[in-house]
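Novice: First residue of the sequence shown? That's 0 in numbering that gives the first Met the number 0, and the numbers climb one at a time after it.
Idealized CB from N, CA, C, for every residue including glycine.
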Amino acid sequence: MEKIPLIVRMNEAKALSDEIRVFILDLLSKKPMSVHEIAEELKKRGLYKNINTIRYHIQVLKEAGLIELVATREVKGGVLKYYAAKRKVYPFEVPKDIEEALKPVAEQAYGDLKKIVLNLVRNHREIIIETAKKLKPCPYCITKHFAEYVILEALRYALGKVMEDPDVRKELEEFSEERNNRIDAIVE
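1) Does DSSP classify R44 as helix, strand or coil?
2) Excluding the 5 residues preceding and the 5 following L60 in the sequence, name in chain order all residues of the same chain whose CB lies nearer than 7 Å to its CB.
3) Assess, as a yes-or-no matter, whether the region 47-58 is touched by the region 25-39 under the definition of 3 or more beta carbon pairs within less than 8 Å.
4) Comparing alpha-carbon positions, which option in E18, K48 and A63 lies nearest R8?
5) In its own chain, which residues sit with a C-beta less than 7 Å from the C-beta of M0, not counting the 5 before and 5 after it?
6) So, with DSSP's three-state summary, where would you put G77?
7) Would K29 and A38 qualify as a contact pair, given that the criterion is a beta-carbon distance under 8 Å?
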């Protein structure tokens with residue numbers, strides 16, 4: 000059985016354990032917003048949360064390093080704070096057979112990714128070791144996979160940059176249009 004790596008940061012897992020926080024993070028990944036703007040967006044979707052509850056959720060996301068304060072604006076009676084996501088979430092319900100469906104894609108990528116990982120390990124050994132030394136193990140687990148985590152984290156960061164690249168964005172937008180056209184055809 001193949002073991003598929005899952006990067007789980009304890010603080011992020013706890014922060015994302017609440018559906019409202021996942022929704023807020025998704026909103027903030029699209030554009031910076033204030034607590035009041037978040038409340039309005041939630042109301043539009045039938046989720047009525049008071050401002051203090053939203054502030055609490057914002058604080059949890061901020062402490063987990065998932066969002067950050069990006070701007071402030073003085074307004075009558077105080078200061079308006081704007082937050083933005085530092086991470087992007089993909090909140091989907093995933094079908095159980097997704098691994099099997101994606102197997103041909105993964106098999107094609109395997110060789111190229113293996114070369115990339117070996118290149119990272121061989122050319123950045125010191126950085127990987129120094130970064131791995133800074134990691135603290137989960138108090139509930141016994142793990143020795145620090146270097147693996149560092150490499151996966153570097154790849155995740157690089158993939159995030161690739162996904163935001165204008166050429167890649169353009170190509171992915173074509174997929175979205177094609178998917179929407181197919182759904183429209185089924186509905187008609």
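Specialist: So, from the listed chains and residues:
1) As a position in the sequence shown, residue 44 is number 45, starting the count at 1. The answer is coil: DSSP assigns R44 none of H, G, I, E or B.
2) Here the question's residue 60 lines up with position 61 in the sequence shown. Sequence-distant partners of L60 (beyond 5 residues in either direction) whose C-beta falls short of 7 Å from its own C-beta, in its chain, are A14, R20, I23, L24 and I66.
3) Result yes; three or more Cβ-Cβ pairs closer than 8 Å.
4) Within the sequence shown, numbered from 1, the residue matching residue 8 stands at position 9. The option with the nearest alpha carbon to R8 is A63.
5) The count along the sequence shown starts at 1 and reaches residue 0 at position 1. With a pLDDT of 42 at M0, under the threshold of 50, the modelled position of that residue is not reliable, and the figure given next carries that caveat. Within the same chain, M0 has no close Cβ partners at all.
6) Locating residue 77 in the sequence shown gives position 78, where the first residue counts as 1. Looking at G77 - three-state DSSP - the assignment turns out to be strand.
7) Position 30 of the sequence shown, counted from the start, is the residue given in the question as residue 29. Position 39 of the sequence shown, counted from the start, is the residue given in the question as residue 38. It is not a contact, given that the beta carbons lie outside the stated cut-off.
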